[in-house]
Amino acid sequence: MMTGLAIENTETIILDSKNSTCDGPRGLFKIVVDDFDGEVIRSWHIEDMYGEKSRNLGDAQCKSLDTIVGEVGLYFGGHVMTNVYGQALKNLKGTNNPKDVYRLIQENKRLKAIIEADKE
Amino acid sequence: MGKRALWFVSLLEVFFLTFTFSAYAEENAHYKLPSPNASYVEPAEMPQLLAPKLLPNRHGIKRGITEGFMIRQSYVEDGKIKIPTGGLIYFTFGGEGFSNLNGEPISIAGKKAIWLEKQEALAIKKNFIVAQNKPPVPLGEEGTIALSNTLFMEGFLKVQSARFQYVFANGYGTWDLSTVIPSGYARSKSAISYGYLQGEGLITPPPLQFFGDPFDASATFYVVVDGVTPDGIKIKEAGALDMLWFKISYDKPIIADDVTAGQTMSAGKYRIKVSSIDSDHGTAEITLMDSRGNVLAMKTLGPLTLKTFKDDSHLLEHSMIIRPTLSLDYKNIRIQLNTKYDAPFGPGPLRLMNNDGEFVPLPQVNEVSTFHGGKVDLLIYKDVKKMELRRPWSEDPKFKLLTAYI
Chain A
55 MMTGLAIENT
65 ETIILDSKNS
75 TCDGPRGLFK
85 IVVDDFDGEV
95 IRSWHIEDMY
105 GEKSRNLGDA
115 QCKSLDTIVG
125 EVGLYFGGHV
135 MTNVYGQALK
145 NLKGTNNPKD
155 VYRLIQENKR
165 LKAIIEADKE
Chain B
57 MGKRALWFVS
67 LLEVFFLTFT
77 FSAYAEENAH
87 YKLPSPNASY
97 VEPAEMPQLL
107 APKLLPNRHG
117 IKRGITEGFM
127 IRQSYVEDGK
137 IKIPTGGLIY
147 FTFGGEGFSN
157 LNGEPISIAG
167 KKAIWLEKQE
177 ALAIKKNFIV
187 AQNKPPVPLG
197 EEGTIALSNT
207 LFMEGFLKVQ
217 SARFQYVFAN
227 GYGTWDLSTV
237 IPSGYARSKS
247 AISYGYLQGE
257 GLITPPPLQF
267 FGDPFDASAT
277 FYVVVDGVTP
287 DGIKIKEAGA
297 LDMLWFKISY
307 DKPIIADDVT
317 AGQTMSAGKY
327 RIKVSSIDSD
337 HGTAEITLMD
347 SRGNVLAMKT
357 LGPLTLKTFK
367 DDSHLLEHSM
377 IIRPTLSLDY
387 KNIRIQLNTK
397 YDAPFGPGPL
407 RLMNNDGEFV
417 PLPQVNEVST
427 FHGGKVDLLI
437 YKDVKKMELR
447 RPWSEDPKFK
457 LLTAYI
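Here the protein sequences line up with chains A and B, keeping their order. 55 is the number of the first residue of the first sequence in my numbering; add one for each residue after it. 57 is the number of the first residue of the second sequence in my numbering; add one for each residue after it.
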């Protein structure tokens with residue numbers, strides 16, 4: 055059984071300070087480069103056709119737009135099973151489960167907010 | 057400088073230019089992963105785009121849909137950010153792995169669609185070398201599944217051995233194999249007795265029993281290793297499944313239940329006549345006409361009987377021979393028998409719907425509810441879209457489609 059489809063760009067995409075955005079397949083999402091000085095991508099983000107925006111994915115050391123977005127695979131019993139992202143996530147520096155890191159950051163933010171609220 | 061020398065220099069220049077041009081043209085991100093410094097966007101951050109969605113198929117069974125994308129091998133050069141070919145890759149997983157005939161839901165770049173049919177092919181390559189630290193070798197054209205050498209061991213018990221794996225164009229490597237296993241077959245020994253396949257490239261329809269075992273007809277691969285040399289692994293023959301095109305419909309079908317013989321229906325500018333129905337043999341003769349009554353196509357759909365489900369159950373889904381007999385396809389119209397089964401992620405149907413609309417385990421079934429009392433249940437898709445893989449996408453030519461996993 056064949057599962058999953060991929061859609062990829064056919065030509066090299068070039069972005070600079072003038073052309074700072076590019077569209078995904080059929081405009082589903084958009085890559086937006088906000089701050090690029092010719093060497094470092096200090097700020098860039100993703101927008102989708104539903105109007106959602108990601109956080110800033112660039113920083114002072116960022117020299118590529120490489121990113122892994124979401125979680126894909128066969129969805130079965132509430133879990134994403136065959137995960138074509140598996141190796142890409144394992145290959146990441148620092149953590150091979152960035153989802154947990156994101157949750158920790160969110161939990162940290164939540165707890166901090168509670169403490170701040172208590173102080174007031 | 058003499059004329060001859062000038063000629064030589066210009067010749068050199070041409071060589072150099074073609075070389076650099078071809079090097080540029082070949083730059084792509086296939087078979088590679090995002091960099092270790094890549095960022096990650098969690099589904100909760102953009103839930104409408106990334107969170108799994110549940111959509112029902114025609115029988116109301118819900119399938120999960122997941123979408124996402126990666127950017128890989130991008131870099132900064134000469135004050136510009138470059139994403140090479142294949143660097144921006146979007147993924148979608150839906151119900152297409154469950155069945156082709158039950159109107160499984162998928163989402164293509166955010167647009168809901170119904171999965172109808174696919175043209176499978178077996179990608180075969182013969183007599184080639186898979187070397188370490190070299191790009192993986194695609195089995196078919198660029199963008200199909202490839203073989204890659206992952207480990208090379210020289211002199212282990214005086215035996216040169218190596219490990220290798222299959223890699224999808226999206227960078228996902230799988231099915232780790234070793235040349236230490238005698239004969240290097242990745243599959244059952246029945247494969248050996250069946251010998252090697254004729255021809256090379258993308259062969260369609262794929263030979264159904266190329267592993268001597270009907271369950272192997274889909275979702276699988278084989279490798280025959282010739283030997284290990286210092287240059288790399290010599291492969292005698294390798295094959296894996298891929299797809300040439302698939303068909304979807306963005307619109308829901310017209311569900312034509314209880315059609316009797318002689319009845320005529322209209323669908324857009326077409327008229328569809330059911331000439332005859334044979335419930336015992338599970339066939340229905342369909343005539344497709346234009347609005348003036350000129351016959352455009354005729355076909356006897358079926359046979360779809362209990363035997364098709366019970367004896368050939370795995371074939372129903374996997375056979376490129378049985379599947380097309382259940383529908384009449386003319387340009388972008390498709391008239392299909394309303395198959396009523398559930399294939400819960402395995403080869404072939406396990407449950408069948410009875411006349412009351414309930415699913416019953418296959419061994420207990422004694423009727424095919426598509427045909428009942430001399431009537432037939434049909435489906436009419438008015439606007440079928442055919443999408444070719446590895447070619448500029450008809451709906452956005454800046455992109456092309458690939459398989460993500462088999």
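Yeah, the Cβ is synthetic: ideal placement off N, Cα and C, and Gly gets one too.
Contact annotation, residue 95 of chain A with residue 112 of chain A: C-beta distance approximately 4 Å; criterion of less than 8 Å satisfied. Contact annotation: the stretch 89 to 105 of chain B touches the stretch 99 to 106 of chain A, with at least three C-beta pairs closer than 8 Å. Around the beta-carbon of residue 235 of chain B, 16 or more other beta-carbon atoms lie within 10 Å, marking it buried. In the three-state reduction of the DSSP assignment, residue 154 of chain A falls in the helix class, which pools H, G and I. With its beta carbon at least 8 Å from every one in chain A, residue 427 of chain B lies outside the interface. DSSP places residue 349 of chain B in the coil class of the three-state scheme, outside both helix and strand. Taking every protein chain shown into account, the CB of residue 377 of chain B has fewer than 16 other CB atoms within 10 angstroms, so this residue is exposed. Contact of residue 114 of chain A with chain B is not assigned, every C-beta pair being separated by 8 Å or more. Neighbourhood of residue 161 of chain A in chain B, by CB distance below 8 Å: empty, with the nearest CB roughly 12 Å away. In terms of CA proximity to residue 76 of chain A, A/119 leads the group A/119, A/174 and A/91.
The shortest C-alpha to C-alpha distance from residue 91 of chain B to any of B/220, B/127 and B/455 is the one to B/127.
At least 8 Å separates the beta-carbon of residue 203 of chain B from that of residue 179 of chain B.
Between the stretch 313 to 328 of chain B and the stretch 171 to 186 of chain B, the count of Cβ pairs shorter than 8 Å is below three; the stretches do not touch.
Chain order gives no chain A residues near residue 87 of chain B, where near means a beta carbon separation below 9 Å; the closest approach is about 11 Å. Remark: C-beta atoms of residue 122 of chain B and residue 134 of chain A approach each other more closely than 8 Å. Shown in chain order are the members of the stretch 122 to 137 of chain A whose Cβ falls below 8 Å from a Cβ of chain B: 122, 123, 124, 125, 126, 127, 128, 129, 130, 134 and 136.
Residues of the stretch 278 to 293 of chain B that bring their beta carbon within less than 7 Å of a beta carbon in chain A are absent altogether. Take residue 456 of chain B, set aside five residues on each side of it, and the residues of its chain with a beta-carbon closer than 7 Å to its own are 446, 447, 448 and 449, in chain order. In terms of beta-carbon proximity, residue 93 of chain B lines the interface with chain A, with at least one pair separated by less than 8 Å. By the CB criterion at 8 Å, residue 87 of chain A and residue 139 of chain B fall outside the cutoff. Residues of chain B whose Cβ lies closer than 8 Å to the Cβ of residue 89 of chain A do not exist; the shortest such Cβ separation is about 12 Å. Residue 93 of chain A places its beta carbon less than 8 Å from that of residue 132 of chain B. Across the set B/333, B/197, B/200 and B/206, the C-alpha of B/206 shows the shortest separation from the C-alpha of residue 190 of chain B. Under the Cβ distance rule, residue 104 of chain B counts among the residues neighbouring chain A, one pair being separated by less than 8 Å.
Setting aside the 5 residues that flank it on each side, residue 199 of chain B is surrounded in the same chain by 86, 225, 446 and 458, each with a C-beta closer than 7 Å to its C-beta; the list follows chain order. DSSP places residue 285 of chain B in the uninterrupted beta strand (DSSP E) bounded by 277 to 285. According to the DSSP secondary-structure assignment, residue 77 of chain A is paired through a beta bridge with A/84. For residue 128 of chain A, the secondary structure class from DSSP, reduced to helix, strand or coil, is coil. Straight-line spacing of the CA atoms in residue 128 of chain A and residue 381 of chain B works out to 29 Å. Taking a C-beta distance under 8 Å as the contact criterion, residue 228 of chain B and residue 138 of chain A qualify as a contact pair.
Inter-residue distance for residue 221 of chain B and residue 94 of chain B is about 24 Å (C-alpha atoms, whole angstroms). Counting the other Cβ atoms within 10 Å of the Cβ of residue 346 of chain B gives fewer than 16, which makes it exposed. Spatial neighbours of residue 149 of chain B in its own chain (CB-CB distance under 6 Å, excluding positions within 5 residues in sequence) are listed in chain order as 122. Contact annotation: residue 335 of chain B and residue 427 of chain B have beta-carbon atoms nearer than 8 Å. With respect to residue 157 of chain A, residue 165 of chain B sits apart: the two C-beta atoms are not nearer than 8 Å.
Every alpha helix (DSSP H) of 4 residues or more that sits fully in the stretch 99 to 169 of chain B is shown, in chain order, as 103 to 106.
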